[in-house]
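Residue numbers (my numbering): 25 to 154. Data block below; observations after.
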Amino acid sequence: CGSATTLVAEAFFESGACSSALTPALAKLLLAAILVDTVNLDPAHQKVTPDDEAAAEKLLTVIAGPDTKAQTEVRQTLFATLQKEKYNTARLTVDDSLRKDYKAYKFGSSPVGIASVLDSVDDLIAKDPE
């Protein structure tokens with residue numbers, strides 16, 4: 025599988041002009057996408073490639089320098105934050121909650137939509153009692 029963002033990160037590292045534009049903030053943004061796509065580079069999920077691992081290592085060096093302990097802390101903290109926020113629906117309206125994981129299908133000529141919602145019905149009603 026792997027992450028498409030790894031290709032973007034590799035382009036930054038391979039291009040002399042682009043590598044100077046790779047700030048720690050941009051490196052963190054790229055790393056975040058790679059960590060989400062590869063479940064924190066965990067081989068047990070069979071979504072990580074050697075290229076993902078290499079790109080993440082280079083991005084972590086941009087973010088945290090050569091200190092591997094600092095790199096590990098950045099990676100673990102970033103992934104934990106991403107996982108927590110992925111399921112945080114507190115700021116979503118009812119409409120946003122329904123759109124978050126909405127899938128549209130067509131059965132013959134009839135359009136059908138299915139939404140997977142993380143909130144309970146009671147929580148949705150509390151967000152929009154009308």
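Note that beta-carbon positions come from the ideal geometry of N, C-alpha and C, so glycine has one too. Since we're looking at a predicted model, the values are computed, not measured.
Near the ligand GTP: Arg-123 beta-carbon under 7 Å from a heavy atom: In the structure shown, the ligand GTP is absent, as is every other ligand, since no ligand is present at all.
As assigned by DSSP and simplified to three states, the class of Val-141: As a first step, residue 141 must be located in the sequence shown, where it is residue number 117. Val-141 falls in the coil class under three-state DSSP.
Distance, Ala-114 Cα to Ser-144 Cα: Within the sequence shown, residue 144 is the residue found at index 120, counting from 1. Within the sequence shown, residue 114 is the residue found at index 90, counting from 1. About 12 Å.
From the DSSP secondary-structure annotation, give me the bridge partner or partners of Phe-131. As a first step, residue 131 must be located in the sequence shown, where it is residue number 107. Answer by DSSP bridge pairing, in chain order: Ser-134.
How should Lys-82 be labelled, buried or exposed, when 16 other C-beta atoms within 10 angstroms of its C-beta is the threshold for buried? Walking along the sequence shown from the start, residue 82 turns up at place 58. Classification for Lys-82: buried.
Please determine, among Asp-152, Asp-75 and Tyr-126, the residue with the shortest C-alpha to C-alpha distance to Cys-25. The sequence position of residue 25 within the sequence shown is 1, counting from 1. Per the Cα distances, Asp-75.
Skipping 5 residues on each side, what residues in its chain have a beta carbon closer than 7 Å to that of Asp-125? Locating residue 125 in the sequence shown gives position 101, where the first residue counts as 1. Ala-139 and Ser-140.
Val-156 versus Ile-58, Pro-67 and Ala-49, residue with shortest Cα-Cα distance: Shown here, the chain extends from 25 to 154; a query on residue 156 therefore has no answer.
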